[in-house]
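Below is one structure, written out as structure tokens; the observations come after it.
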Amino acid sequence: MTDARTTVRSIFLTISALAIVSLLTPVRAERVSPSTVPLPRDGDGAECFTVLVGRAASADGSVMVAHNEDDRGDIVVNVRKVAPRADGAARAAGLLWIEATTQEFADSFVNEHGVLVTSDSCPSRVTAEDYTDGGIGGALRRLVAEQATSAREAVRIAGALVEKFGYRGSGRTYSIADRKEAWLMAVLRGRHWYAQRVPDDEVAVIPNHFTVRAIRPDDPGNFMGSPDIAEYAKANGWYDEAADGPFDFKKAFERPSTREPAADGNALRHWRGLELVTGKAWDLVRAYPFSVKPAGKMTAEALMAILRDHYEGTPYDATDGYKTGSPNRTKFRTICTASTINAFVVSLGGPRPEPLATAVWLAFGKPDTTVFLPLYYGVATMPAEALTLNAKVLALEKAAEENYGTMIGRLRKEMDPFEKGLLAARPKFEREFAALYRKDKAKAVARLDAYVAGALAEAAALTDRLSRGL
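In the numbering used here, the protein residues as written are -11 to 458.
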């Protein structure tokens, strides 16, 4: 695959830059007993979870992206700062890189322009392979992050790559955002794709099934994609206008499932995410609106709580409040789960000076058994713990999983005050940074480096202390 990636890179450089705010009410759908629901299997596509928040739906006016990265196996998570570089005629943007080692499709990026790219696997019914030079896969997100100066441009660049080389995964949805807007881009095996913009005052929830529904070629401000997408579905027998009515991307291309919604980890997580965002009851079904209006302005704390969720307090809490084992390993696929390897909440833009304009809260493991830590794109030097903390977190996480009901209370008793302290201190730090940055940029960035390094070092010490106390 190295030769194919090199080819992709060289050819690409010639392309022009183209609160959870209320308690949950009981769901009205028919319930399924935990004992009757099969565990998810490899290849089910029940991996990853993302929430995108339009800037008018967030508390501080930023575009927000919350993501759980879920992958199987022993995976090391590193965080790296990649300097911008010149490569031939094109310049590659600097990157903040959340790296999942040994996994091709698991990295997330945000670049110096505040363009973020992450993704969720979405199995499609497309099986025909239509590739040039081996197609494009995991390299897509980095190529986009290196070149795009806006989310809209990122979608266009990604679309051009898919059309030129062919996408070699079954299907995927890329979450692409900047300081003004967020997009969901659905990609199919081969050369077809479609993207929809998240309304500024709404929130989009995506597990691992397609959420793009309508196509509107007459509204390029909010929709982009392959112009022949409906005809492609018709030609393959996946869409009959007379029988199906208006074209529905999800219905046409999603891999069919015979499972009941409660046994479908994607439907269940989508349902739960919508209830947490809206504070309302939703029926448990397979298809939901592309985006919804939240019950209140979304905050980092609310998004963290969503990423940690195991259906606590619902009929799908299969451990009866952790009494019967770990909620990460039940017959119901939860939002936070055994395969979650990292989690983050990113705010893009808002009332912050440039070095703080990409503000990150990052968990170096499953978010239920660790803390979210502050990070900014503007750091000049990544602290050493960015490459070592994950191992400490994983060791504690594995120990907690063995006796979750007892251990989780002990962990959260110390982790929650620590995390709340970080959250409470952040606004003051940002105000002081902004004042210093106006006077002395170098001193301000040095202070930023010390702030981030201090938080990660304290988290490492806390993790070590908790591990010794097991």
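Glycine included, each C-beta is placed from N, C-alpha and C at the ideal position.
Being a predicted model, the structure only gives us computed values, none of them experimental.
Can you check whether the CB of Arg243 is closer than 7 Å to the CB of Ser112? yes
Along the alpha helix (DSSP H) that carries His258, what are the first and last residues, could you check? 253 to 266
Let me know if Arg73 comes out buried or exposed under the rule of 16 or more other beta-carbons within 10 Å of its beta-carbon. exposed
Checking 7 Å against the spacing of the C-beta atoms, do Lys168 and Met370 come in under that value? no
By DSSP, does Asp404 sit in helix, in strand, or in coil? helix
Nearest CA to the CA of Gln91: which residue from Ser245, Gly366, Ile63? Ile63
Just to confirm my understanding: we take Val193, look at its own chain, exclude 5 residues before and 5 after, and list those with CB closer than 7 Å. What are they? Val39, His258, Gly261, Leu262, Val265
Any heavy atom of the ligand NAP inside 6 Å of the beta-carbon of Leu84? Summarising the ligand content, the structure contains no ligands, and the ligand NAP is consequently not present.
Give a yes or no on whether the C-beta atoms belonging to Leu176 and Leu149 are separated by under 7 Å. no
DSSP on Tyr220, reduced to helix/strand/coil? helix
How many angstroms separate the CA atom of Trp270 from the CA atom of Thr115? 33 Å
Am I right that Met286 and Ala47 are in contact with their C-beta atoms under 8 Å? What's the rounded C-beta distance? 6 Å
Indicate whether Val186 and Ala170 have their beta-carbon atoms separated by less than 7 Å. yes
Taking the beta strand (DSSP E) that Gly442 falls in, what are its first and last residues? Not the beta strand (DSSP E): Gly442 falls in the alpha helix (DSSP H), residues 429 to 456.
Please give me, in chain order, every unbroken run of the alpha helix (DSSP H) with length at least 4 that falls completely inside the region 308 to 351. none
Below 6 Å CB to CB, which residues in the same chain sit around Arg204 once its five sequence neighbours on both sides are set aside? Phe211
Relative to the C-alpha of Ala412, which residue among Gly157, Ala283, Glu289, Ala54 is closest? Glu289
With a cut-off of 8 Å, do at least 3 Cβ pairs link the region 295 to 311 to the region 334 to 344? no
Tell me the DSSP bridge mates of Tyr364? Ala347
Keeping to the same chain, check which residues put their C-beta closer than 7 Å to that of Val433; ignore five residues upstream and five downstream. Pro343, Gly366, Ala368
Spell out a yes or no on whether the region 223 to 242 and the region 289 to 305 are touching, meaning 3 or more CB-CB pairs, one atom from each, closer than 8 Å. no
Tell me which same chain residues have a C-beta within less than 8 Å of the C-beta of Glu100, skipping the five on either side of it? Pro72, Ala81, Gly82, Leu83, Tyr365
Which of helix, strand or coil does DSSP assign to Arg60? coil
On the DSSP bridge assignment, give the partners of Ser46 in chain order. Met286
Nearest-angstrom Cα separation, counted from Lys427 out to Leu384: 43 Å
If you drop the 5 nearest sequence neighbours on each side, which residues of the same chain put their C-beta closer than 6 Å to that of Ala441? Pro371
Is there a Cβ from chain B that is less than 7 Å from the Cβ of Thr137? Of the chains in the structure shown, none is chain B; there is only one protein chain.
Tell me, please, whether the region 315 to 330 touches the region 50 to 57 by the rule of three or more beta-carbon pairs shorter than 8 Å. yes
Ala445 to Ala78 span [Cα, whole Å]: 37 Å
Quick check on the DSSP output: the beta strand (DSSP E) that includes Ala165 runs from which residue to which? 155 to 165
Please state whether DSSP places Arg243 in a helix, a strand or coil. coil
What is the rounded straight-line gap between the Cα of Met395 and the Cα of Lys401? 10 Å
Please report the straight-line C-alpha distance between Phe320 and Leu256, rounded to a whole angstrom. 8 Å
Tell me the DSSP bridge mates of Ala80? Arg73
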